[in-house]
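Heads up: the structure comes next, in structure tokens.
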Amino acid sequence: MRLTEKVHNYLEEHLQPGDLAIDATAGNGHDCLKIAQLIAPNGRLIAVDRQCAAITASRHRLSTHKLQHLCEWIEGDHGEALQALGQRYPGQASAIVFNLGYLPGGDKSIQTEVATTQTALKACTALLKPSGILLVTAYRGHPGGMAEAEAVAQWMHAYTGLVQCHEPEKNAESTPPILWVAKALELDPNESSAAPDNRLPPGEK
Numbered sequence: 035m036r037l038t039e040k041v042h043n044y045l046e047e048h049l050q051p052g053d054l055a056i057d058a059t060a061g062n063g064h065d066c067l068k069i070a071q072l073i074a075p076n077g078r079l080i081a082v083d084r085q086c087a088a089i090t091a092s093r094h095r096l097s098t099h100k101l102q103h104l105c106e107w108i109e110g111d112h113g114e115a116l117q118a119l120g121q122r123y124p125g126q127a128s129a130i131v132f133n134l135g136y137l138p139g140g141d142k143s144i145q146t147e148v149a150t151t152q153t154a155l156k157a158c159t160a161l162l163k164p165s166g167i168l169l170v171t172a173y174r175g176h177p178g179g180m181a182e183a184e185a186v187a188q189w190m191h192a193y194t195g196l197v198q199c200h201e202p203e204k205n206a207e208s209t210p211p212i213l214w215v216a217k218a219l220e221l222d223p224n225e226s227s228a229a230p231d232n233r234l235p236p237g238e239k
């Protein structure tokens, strides 16, 4: 199963009509469309991308399915955007999705960066509701991609929630992307406040 399909399966499990969800890297709008379909008719999608071309493509994709009214579009840095959204919607996001790297079919010199991605991930902890899910796909085959993927891995290893990693088999021709899935811990108030190690083993190696 492709990682994109896994992401959409997770979204299907966690999103329902009326939910708030965030696509932190809108790209060509494939995740935006899936999210909008799941939260319709009265949910709210916030889509962020630093490139006007990505916003335009995503907006068009939703428009063709008559779902554009569900989405707020933010053109800009995803770190700054998610920090601001954390002030507006603390603890309200049911799902946050990242596809790191560059816009497919676009200018490969314009891509997400370690510093802004770290800022955006930190902001997710304030945005996610207790039952929310964070999905981060990191592409490692382009210049700068491996460093960004390693930064995401470090953040995930420090995250005090449930974390799962899906990593397809590597081959001699390419380095595949890696998917990180993080969920907030929901502790039983009758149990000890000392949380056990709830980190999940890798999903695919």
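Each residue of the sequence shown is one higher than the last, beginning at 35 in my numbering. A virtual CB, placed ideally from N, CA and C, is assigned to each residue, including glycine. Because the structure is a prediction, the values reported are computed rather than measured.
Of the residues G61, T90, R95 and M190, which one's Cα is nearest the Cα of A70?
R95
Which full runs of the beta strand (DSSP E) of 3+ residues lie inside the region 97-144, going along the chain?
105-109 and 127-133
Three-state secondary structure assigned by DSSP to S92:
helix
Which residues in the same chain as A91 place their Cβ atom closer than 7 Å to its Cβ, once the five residues preceding and following it in sequence are excluded?
N62 and G63
Okay, do the region 144-158 and the region 175-189 touch, 3+ Cβ pairs below 8 Å being the bar?
yes
How many angstroms separate the CA atom of L67 from the CA atom of L137?
16 Å
With respect to the beta strand (DSSP E) encompassing G166, which residues constitute its N-terminal and C-terminal limits?
L162 to A172
Can you tell me whether Q50 is buried or exposed? The criterion is at least 16 other CB atoms within 10 Å of its CB, across all chains shown.
exposed
Is K204 near the ligand PLP, judged by its Cβ being under 7 Å from some heavy atom?
Looking for the ligand PLP in the displayed structure turns up nothing, as the structure carries no ligands at all.
Roughly how many angstroms lie between the CA atoms of G52 and E106, to the nearest whole one?
15 Å
Cβ atoms of Y193 and L161: under 8 Å apart, would you say?
no
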